Amino acid sequence: MAQATLQIDLSALQANWRALDARSAAGVQTAATVKANGYGLGAGHVAHALAHAGARRFFVAIAEEGLAVRAAIGPDLPIHVYGGHMDGDARILREAGLVPMLNSVEQLTRHLEALPGHPFGIQLDSGMNRLGMEPAEWGSVAEIVLAQGPVLIMSHLACSDAPDHPMNAQQLHSFRQMTDGVQVPRSLAATGGVLLGPDYHFDITRPGIGLYGGAPFTEAQTVVRLQIPVIQTRDVAAGESIGYGNSYIAPRDMRLATIAAGYADGIQRALSGRATLWADDRPCPLVGRVSMDLLTIDVTSLPDAPETLDLLGPHQGVDDLADIIGTIGYEILTGLGQRYARQYL
Ligand SMILES: *Cc1c(COP(=O)(O)O)cnc(C)c1O
4 MAQATLQIDL SALQANWRAL DARSAAGVQT AATVKANGYG LGAGHVAHAL
54 AHAGARRFFV AIAEEGLAVR AAIGPDLPIH VYGGHMDGDA RILREAGLVP
104 MLNSVEQLTR HLEALPGHPF GIQLDSGMNR LGMEPAEWGS VAEIVLAQGP
154 VLIMSHLACS DAPDHPMNAQ QLHSFRQMTD GVQVPRSLAA TGGVLLGPDY
204 HFDITRPGIG LYGGAPFTEA QTVVRLQIPV IQTRDVAAGE SIGYGNSYIA
254 PRDMRLATIA AGYADGIQRA LSGRATLWAD DRPCPLVGRV SMDLLTIDVT
304 SLPDAPETLD LLGPHQGVDD LADIIGTIGY EILTGLGQRY ARQYL
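Okay, so the sequence shown: first residue is 4 according to this note's numbering, each after it adds one.
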């Protein structure tokens, strides 16, 4: 079988949730962000495992994503939608029992007209300028909105992965100014905000990346391992060329393994000649270009030809791979291809 295997360690995921939950006081509820198909790992499996670990509330980006989560966790636990209530969402919000986090007066009006009595939350902009009502806008509608009984008020931090950034305190101040004294549960912290400490926790935290083993939660357990089968090995002589464009010329006699994954699986072509794969504890450099379905790996240092090589695992996490090409672990995770066999441990 040439299909690569993406192993997803659900007990490591659960341990990461518990570890983040332990960072806030007992009275703070630790929810879970499972948008983008559970950061690429399978929203249903991830949400089910997290519910078992103790998560009592979930967040997705768009209403459609709530369906798989609802099917996985049953009817009772709340699922919130960061994107709010968009035109055409009413049916799915109602049928899947989703709570839109309304971002504007326009969304508020739409929601109250289309789904009167259906629970909603409010998203405020505390400075990131991405989603949510701005302070002045909120000031003019807060009284009317609060009379309708929102179930949650939230905002989002722009720089929480940088604990010393002054933006964190600025946003905290802005969020407090907009919400202090309001008798509605509040949420400000994603993974980075959980790590910033109790001032940022309010009533509910909503970590994502840390659950899946990514920075800034550096103490996270490894959740994903990507094992790629070797299709063929060959010996090449010094001076021979390898792969598309002859971009790599063997500097010495070497042994190569050709393995079954490529840029069609989310292994970005920018990694050409720059990544390392692992045979257990032994590093093996990727040589030449990343092709659509194949990679060529220098396995000269191995005593025996391996059956598989790992691109992700304990020796190289999503952030290590991201660093090589100047991106972030989030993008590596959510780019993991659909062709992998996903195996849940
Ligand atoms: C994605 C997201 C989160 C989770 O963020 P992480 O950095 O992955 O923990 C929380 N809140 C909002 C609004 C988000 O968009």
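Glycine included, C-beta positions come from ideal geometry on N, C-alpha and C.
On a predicted model such as this, the values are computed, not experimentally measured, just so you know.
Rounded to whole angstroms, GLY124 and MET136 show a C-alpha spacing of 12 Å. Judged by DSSP secondary structure, ARG345 falls within the beta strand (DSSP E) whose first and last residues are 344-347. In this structure, LEU229 and LEU315 form a Cβ contact; the two beta carbons are roughly 4 Å apart against a cut-off of 8 Å. Of the candidates ILE231, ALA58, ILE328 and LEU13, the residue whose Cα lies closest to the Cα of GLY77 is ALA58. Taking all protein chains shown into account, SER163 has 16 or more neighbouring C-beta atoms within 10 Å of its C-beta and is therefore buried. Within the chosen limit of 7 Å, ligand 1 reaches the beta carbon of TYR85 through at least one heavy atom. Of the candidates ALA35, ARG258 and GLU222, ALA35 places its Cα closest to the Cα of VAL72. Counting other Cβ atoms within 10 Å of its Cβ, ILE212 reaches 16 or more and is therefore classed as buried. The beta-carbon distance between ILE300 and LEU259, rounded to whole angstroms, is 7 Å. This is short enough to meet the 8 Å contact definition. Per DSSP, the unbroken beta strand (DSSP E) holding PRO232 starts and ends at 227-239.
Collapsing the DSSP output to three states places ASP313 in a strand. Inclusion of THR8 and TYR343 in the CB contact set at 8 Å is warranted, their separation being smaller than that value.
Taking the Cα of LEU324 as reference, the smallest distance to any Cα among MET170, ILE156 and PRO288 is reached at PRO288. A residue is called buried once 16 or more other Cβ atoms fall within 10 Å of its Cβ, and GLU68 is buried on that count. A residue is called buried once 16 or more other Cβ atoms fall within 10 Å of its Cβ, and MET157 is buried on that count. Linking ALA15 to GLY329 through their CA atoms gives a straight-line distance of about 26 Å. If you look at GLY124, you'll find it in the beta strand (DSSP E) that goes 124-126. Contact between the region 138-152 and the region 161-175 is absent: fewer than three C-beta pairs spanning the two stretches fall below 8 Å.
Residue pairing for TYR85: DSSP places it in no beta bridge. By the Cβ rule, the region 294-313 counts as touching the region 262-277, because three or more pairs are nearer than 8 Å. Taking 8 Å as the cut-off, the Cβ atoms of ARG285 and LEU305 count as close. Taking 8 Å as the upper bound for CB-CB distance, HIS48 and LEU13 are in contact here, some 7 Å apart. No heavy atom of ligand 1 is found nearer than 7 Å to the CB of PRO188. Annotation: ASP322 is outside any beta strand (DSSP E); the continuous alpha helix (DSSP H) that includes it extends over 321-327.
Measuring C-alpha to C-alpha distances from GLY196 to each of VAL187, ARG189, ARG209 and LEU134 identifies ARG209 as the nearest. The region 188-205 makes no contact with the region 39-55; the number of CB pairs closer than 8 Å stays below 3.
Across the structure, ASN249 and ARG237 are spaced so that their CA atoms are roughly 17 Å apart. Residue environment analysis places ARG189 among the buried positions, since at least 16 neighbouring C-beta atoms fall within 10 angstroms of its C-beta. Excluding five sequence positions before and after GLN224, the CB atoms of its chain that fall closer than 7 Å to its own CB belong to ALA15, ALA18, ASN19 and GLY216, given in chain order.
Straight across, the Cα-Cα distance linking LEU127 with PRO138 is about 7 Å. As computed with DSSP, GLN32 is found in a beta bridge with ILE207. In the same chain as ASP256, and ignoring 5 residues on each side of it, the C-beta atoms closer than 6 Å to its own belong to ALA240 and ALA241, in chain order.
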